[in-house]
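Peer 1: Numbering (our numbering), first residue to last: 122 to 305.
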């Protein structure tokens with residue numbers, strides 16, 4: 122008769138059946154189990170009785186995982202942010218107009234270059250208007266630069282268009298700090 126071990130592959134369950142379902146079997150998951158305190162020897166007990174033996178101070182709960190401790194200081198309701206009493210609004214830095222280039226801030230995100238050029242044509246001759254956009258998604262960043270024909274027209278446009286309400290937003294118009302992009 123043939124020996125069952127040499128008869129070829131086994132039919133039905135394979136030997137690794139339990140390994141395939143290892144994730145379903147909770148025995149294989151390592152869990153942290155609290156250890157029992159070590160028993161004190163008779164000598165240590167006798168020494169403690171007479172006050173000679175040193176006793177170790179009990180450990181304070183570790184701060185590694187504060188979620189485990191159930192104290193009122195860790196509850197969600199107790200972690201409220203402090204309320205600021207006097208929150209002051211930061212006013213934008215006003216840069217004087219020293220060139221024909223203007224900074225326009227607080228722009229609606231839907232504004233296009235052409236719409237901005239039309240808007241500033243009310244104040245004088247516009248050479249160029251460029252809404253600054255994000256490189257990756259081409260969305261407006263909410264500010265732009267407008268180049269006017271000369272410094273006098275730029276100063277007039279800055280005073281006329283500053284705090285101007287455009288599409289329910291108040292524009293901020295100042296002199297530009299930079300001279301603009303230079304094509305190389």
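C-beta: ideal position from N, C-alpha, C; glycine also.
Which term fits residue 305, buried or exposed, when burial requires 16 or more other beta carbons within 10 angstroms of its beta carbon?
Peer 2: Bear in mind that the predicted position of residue 305 carries a pLDDT of just 43, short of 50, making it unreliable; the figure below should be weighed with that in mind. Residue 305 is exposed by the Cβ-count criterion.
Peer 1: In whole angstroms, give me the CA-to-CA distance for residue 266 and residue 290.
Peer 2: Residue 266 and residue 290: Cα-Cα distance of roughly 17 Å.
Peer 1: With the cut-off set at 8 Å, would you say residue 270 and residue 236 are in Cβ contact?
Peer 2: No. Outside cutoff.
Peer 1: Rounded to whole angstroms, what is the Cα-Cα separation between residue 219 and residue 277?
Peer 2: Approximately 12 Å, taken between the alpha carbons.
Peer 1: Using a Cβ-Cβ cut-off of 6 Å (strictly less than) and excluding sequence neighbours within five positions of residue 229, which residues of its own chain qualify?
Peer 2: The residues are 288 and 290.
Peer 1: Report the rounded CA-to-CA distance for residue 275 versus residue 221, giving the unit in angstroms.
Peer 2: Distance between the alpha carbons of residue 275 and residue 221: 5 Å.
Peer 1: Using the C-alpha atoms, what's the distance from residue 262 back to residue 293?
Peer 2: In a straight line, the C-alpha of residue 293 is about 14 Å away from that of residue 262.
Peer 1: Report the residue from 244, 301 and 163 whose alpha carbon sits nearest the alpha carbon of residue 280.
Peer 2: Per the Cα distances, 244.
Peer 1: So what does DSSP say about residue 262, is it helix, strand or coil?
Peer 2: Three-state result, residue 262: strand.
Peer 1: Residue 296 and residue 233 - do their beta-carbons sit closer together than 8 Å?
Peer 2: Cβ distance not < 8 Å, so residue 233 and residue 296 don't count as in contact.
Peer 1: Taking the straight line between their C-alpha atoms, what separation do you get for residue 283 and residue 239?
Peer 2: So the two alpha carbons sit approximately 16 Å from each other.
Peer 1: Look at the alpha carbon of residue 156 and the alpha carbon of residue 171, and state the distance between them as a whole number of angstroms.
Peer 2: Taking the straight line joining both Cα atoms gives about 28 Å.
Peer 1: Is the beta carbon of residue 249 closer than 8 Å to that of residue 268?
Peer 2: Going by C-beta atoms, residue 268 is nearer than 8 Å to residue 249.
Peer 1: May I have the straight-line CA-CA distance separating residue 255 from residue 264, to the nearest angstrom?
Peer 2: Near 11 Å, if we compare the C-alpha coordinates of residue 264 and residue 255.
Peer 1: Which residue or residues does DSSP assign as beta-bridge partners of residue 286?
Peer 2: Residue 286 pairs with 291.
Peer 1: Under the three-state reduction of DSSP, which class applies to residue 173: helix, strand or coil?
Peer 2: Three-state DSSP puts residue 173 in coil, outside helix and strand.
Peer 1: Mapping DSSP to helix, strand and coil, what is residue 272?
Peer 2: In the structure shown, residue 272 sits in a helix (DSSP, three-state: H, G or I).
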